[in-house]
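Participant: The structure follows.
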Amino acid sequence: MSKQWLEWAKELQALAQTGLHYTKDVYDKERFQRIREMSWQMLATLNDSDMNEIKALFHIEDGYQTPKVDTRAVVWKEDKILLVQENDGRWALPGGWMDITETVSSNAEKELFEEAGVVGKADRIIAIHDHHRHNVVNQIFTIIKIFVECHYINGEFKLNSETIGMDFFDMDHLPTLNDSKTTYEQLELCWRAHKDASFKIEFD
C-alpha cells in the first residue's frame with residue numbers, strides 16, 4: 001500500500017507543479033500551491049522525514065516535471081565487472097545523476113573516472129530502466145537509469161567523497177550490492193550483453 005501512496009503523492013506533486021507554472025488565475029495558484037504542500041506532507045510521512053527536507057528537494061523544480069536521468073558505467077576486465085564501494089560498505093556500478101552539460105556517454109565516462117579513477121570510452125547502451133520497476137523504491141523522483149558499456153583504458157583509484165574503493169569481480173563472487181542503484185539482476189543483464197555483441201537494448 002505504501003508504494004501506491006508514494007505514486008499518488010508523486011503524481012499530485014507533479015500536477016501541482018505544472019499547474020503553478022501554467023495557470024494565470026491567482027486563486028488557482030493558491031489551490032495548486034496547497035495541493036503541492038499536501039503532496040510534500042504525504043511524501044515526508046511516507047519517507048519518515050521532515051517536510052522541510054522534501055520541500056528543499058523540490059524548491060528548484062519548476063514547470064512540467066520530467067524524470068531524472070542516472071547513468072551507470074559497465075566496464076569489464078578479463079570477464080570481471082567493475083564495481084565501486086560506497087561509504088556504507090555496499091557496492092554498485094559507478095554512476096550518478098546526468099549533468100545538464102553532459103551527454104549520456106560523456107556523463108558515464110565522467111562518473112566512471114570520478115568514482116573509480118578509471119578512464120574508459122563509452123561504446124553502447126545496454127539498458128534503459130525505470131528505477132521503480134527494477135530497483136528498491138526509495139526515491140521520490142521518477143528516475144530513468146541508463147546502463148552504458150565502456151571499454152577499459154587505464155585507471156588508478158583515488159579516495160573521494162562518494163566511494164571508498166573499487167575492484168573487479170567475477171560474476172560468481174559478487175559483493176553485497178546497493179540494490180537501490182545496482183541489482184544482481186541488472187549485473188546479470190550486463191553479463192549477457194557482454195557475451196553477445198548483438199544484444200538488443202532492454203528498456204522500461
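Take the sequence shown: its letter number 137 is residue 137 in this note's numbering, and every next letter is one higher.
From the three backbone atoms N, C-alpha and C, an ideal C-beta is built for every residue, glycine too.
Please give me, in chain order, every unbroken run of the alpha helix (DSSP H) with length at least 4 that falls completely inside the region 108 to 171.
Facilitator: The region 108 to 171 contains these whole alpha helix (DSSP H) runs: 131 to 134.
Participant: Is it the case that the Cβ atoms of I143 and L43 are separated by a distance below 7 Å?
Facilitator: The answer is no: Cβ separation not under 7 Å.
Participant: Just to check my reading of the structure: L15 and W91 have Cβ atoms closer than 8 Å, yes? What is that Cβ distance to the nearest angstrom?
Facilitator: Not confirmed; about 37 Å, so no contact.
Participant: Is it buried or exposed for Q4, if we count other Cβ within 10 angstroms and need 16 for buried?
Facilitator: The residue in question, Q4, is exposed, as its Cβ has fewer than 16 Cβ neighbours within 10 Å.
Participant: Here's a check: name, in chain order, each residue in its chain whose Cβ is nearer than 8 Å to the Cβ of K121, leaving out the five neighbours to either side.
Facilitator: Hits under 8 Å: E109, C150, H151 and I153.
Participant: Counting pairs of beta carbons, one from the region 18 to 35 and one from the region 49 to 59, are three or more of them closer than 8 Å?
Facilitator: Judged by Cβ distances under 8 Å, the region 18 to 35 makes no contact with the region 49 to 59, as fewer than three pairs qualify.
Participant: Nearest-angstrom Cα distance between T182 and Q17?
Facilitator: Cα-Cα distance, rounded: 30 Å.
Participant: Under 8 Å Cβ to Cβ from E102, same chain only, skipping five residues before and after it: list those, please.
Facilitator: Closer than 8 Å at Cβ, skipping near neighbours: K110.
Participant: For my contact list, A73 and V148 are in at a C-beta cut-off of 8 Å; report their separation, rounded to the angstrom.
Facilitator: About 6 Å separates the two Cβ atoms, so the contact holds.
Participant: From which residue to which residue does the beta strand (DSSP E) around D70 run?
Facilitator: Element bounds for D70: K68 to K77.
Participant: Measure the alpha-carbon distance for C190 versus S106 and round it to whole angstroms.
Facilitator: So the two alpha carbons sit approximately 19 Å from each other.
Participant: Could you check how far apart the C-beta atoms of A197 and I126 are, in whole angstroms? I think they sit under 8 Å.
Facilitator: Not confirmed; about 12 Å, so no contact.
Participant: Indicate the three-state DSSP secondary structure (helix, strand or coil) for L82 in the structure shown.
Facilitator: Strand.
Participant: Run through DSSP, which three-state label would G89 get?
Facilitator: Coil, per DSSP.
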